[in-house]
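Numbering (the UniProt record's numbering), first residue to last: 1 to 449.
What follows is a set of notes on a single structure, which appears directly below.
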């Protein structure tokens, strides 16, 4: 069974959006029998990846100014942008999409000082840095965007989600509260603050607060998103889908809506519909790692390991620290018989999180039942035992009663003894052949012409 964790409460939507999307809208082999789920969708934080606290990020920033409002950008923000700025921003984004990273950074840095549109340049710099895994600079740029335009909710959303992903929920809450209090009439800021409550499992509270927001701003899509996710977590799937359908009417080009609808369809075992929705999410947002990952899982379930590998690789390209995607890629490579590459992918997941128990478990499994190039059988089986021992230490209290790791260790030890016995038998047989050969050469007979 594959354990799918629905929702995107810590998903990344810091993408290089076109101007029209940036203004007024948020971008946002079969498993061994009895083995644990190998594939997963949850994105968990890397334990060593810390960024500056919310206080450190804002202590040197000037007090933001600008009109408050209900939208992500004040109504006049887009109209203030000069044609030259718009052209330069679009040029920078084209550079980023074409792979000219340095050119994009240079162009965006030159635009940050623009009095009216600098917040968009800072925001997209943050998105670019986040895509590269440079979270410290991403956080600084998102904070800079908020300083320049304190009503720009997409920057707040990305910053809050970045803190959550890096296991800094206190900073996520603090920065969300700071801007919610600074701009009390900005209902989208209030909805963003509920992201932290989602991660803490306060689903009923999220629903209650989201309803309060919607009473004041009935078309606030961000409030709909968090309320839908809370209902999904509570297994109220039809209600969650209805809320998302309303959000889709308001923001038909927001990729996250299709992603969440896809997660509902997965829970309902409607896999064909889920694939369509996830593909649509990717069409709208090509750098959507969670959508690529979950589409890969559906391909893997269908036995299309090559397509699954392609999707997992795309997820990793968009989110370099996506350890779950590395784990999933390893299992799809294993399904294709690419055992050495699978081991490499599992090890990359461990490099991100050395105590990642699922990667340790799957390394134990692959060393137990697969031929690894350049590793003899006994060494391979000993390696399997080593990984299972590390897995048990890492998983600790999370290990279920029916966990199969002890059984696999016993199986590995028995296989080692069997292999040693086989090798000894072969050695004895070879010695016998050698002895018989020596007897034939020296049988006491002689010939004389």
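Think of the CB as a built atom: it goes at the ideal place given N, C-alpha and C, for glycine as much as any other residue.
Small disclaimer: the values here were computed from a predicted structure and weren't measured.
A straight-line Cα-Cα distance of about 38 Å links residue 139 and residue 335. When C-alpha distances from residue 325 are compared across 204, 356, 403 and 339, the shortest belongs to 356. Here the alpha carbon of residue 184 sits roughly 43 Å from the alpha carbon of residue 397. Contact annotation: the stretch 356 to 372 does not touch the stretch 315 to 322, with fewer than three C-beta pairs closer than 8 Å. Residue burial annotation: residue 371 is exposed, with fewer than 16 other C-beta atoms found within 10 angstroms of its C-beta. C-alpha of residue 309 to C-alpha of residue 182: approximately 45 Å in a straight line.
The count of Cβ pairs closer than 8 Å, one atom from the stretch 270 to 278 and one from the stretch 236 to 247, stays below three, leaving the stretches out of contact. Counting of Cβ neighbours within 10 angstroms places residue 252 among the exposed residues, the total staying below 16.
For residue 302, the three-state secondary structure derived from DSSP is coil.
The continuous alpha helix (DSSP H) containing residue 153 extends over residues 153 to 165. Residue 260 counts as buried, since no fewer than 16 other beta carbons sit within 10 angstroms of its beta carbon. By the Cβ rule, the stretch 150 to 161 counts as touching the stretch 188 to 200, because three or more pairs are nearer than 8 Å. When rounded, the separation of the alpha-carbon atoms in residue 395 and residue 385 is 15 Å. The straight-line gap separating the alpha-carbon atoms of residue 92 and residue 82 is approximately 15 Å. Between the alpha carbons of residue 118 and residue 157 lies a distance of about 18 Å.
Counting C-beta atoms within 10 angstroms of its own C-beta, residue 250 has fewer than 16 neighbours from the protein chains shown and is therefore classed as exposed.
Annotation for residue 199: the continuous alpha helix (DSSP H) segment containing it runs 187 to 199. For the options 277, 331 and 288, the alpha carbon positioned closest to that of residue 300 is the one of 331. Scanning the stretch 194 to 258 for uninterrupted alpha helix (DSSP H) segments of 4 residues or longer gives 203 to 216, 221 to 233 and 237 to 250, listed from N- to C-terminal end. In the displayed model, residue 183 falls within coil according to three-state DSSP, outside both helix and strand.
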